[in-house]
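Below is one structure, written out as structure tokens; the observations come after it.
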Amino acid sequence: MTRILLEGWTPFILTGLITASVIIILARLINRVTLYIITTLLSLAGFIIFIISIFAIGEWTGMGIGLFSIFTLIGVNLGLVFSFFIKKN
679 MTRILLEGWT PFILTGLITA SVIIILARLI NRVTLYIITT LLSLAGFIIF
729 IISIFAIGEW TGMGIGLFSI FTLIGVNLGL VFSFFIKKN
């Protein structure tokens, strides 16, 4: 039963995990100020895409795009939180 439920959610979960992984990798490579600017811009873009998906697109297509933007926002924010624990060499 749980395998059937996860089939539909897998792309969304992978989107969040990949986004969080990219932010964590960027935390090792760039300085903190640039990382904060990038995450702020990505969060703003994800929020704008979510609002557009609700009001401009609508229906099931908008719901899918909205879910992708929400999971991207979650991934960006989780990556930023975990980046505090990343130490640069």
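For the working numbering, add 678 to where a residue sits in the sequence shown, where the first one is 1. For every residue, glycine included, the Cβ atom is placed at its ideal position computed from N, Cα and C.
Are there 16 or more other CB atoms within 10 angstroms of the CB of residue i, so buried, or fewer, so exposed?
i: Ala705; result: buried
i: Leu720; result: buried
i: Phe728; result: buried
i: Leu722; result: exposed
Short of 8 Å in beta carbon distance, which residues of its chain neighbour residue i, apart from the five on each side in sequence? Order them along the chain.
i: Leu695; result: Gly753
How close, in whole Å, do the beta carbons of residue i and residue j come, if the pair is a contact with beta carbons under 8 Å?
i: Ile732; j: Gly744; result: 6 Å
i: Ser761; j: Leu713; result: 7 Å
With a threshold of 6 Å on Cβ separation, who are the neighbours of residue i within its own chain once the five nearest residues in sequence on each side are excluded?
i: Phe749; result: Phe690, Thr693 and Gly694
Note down, in chain order, each residue of its chain lying with its Cβ closer than 7 Å to the Cβ of residue i, except the 5 sequence neighbours on either side.
i: Ile735; result: Ile743
i: Thr717; result: Ile701, Val754 and Leu758
i: Gly740; result: Ser731 and Ile732
Counting pairs of beta carbons, one from the stretch 696-711 and one from the stretch 754-766, are three or more of them closer than 8 Å?
-> yes
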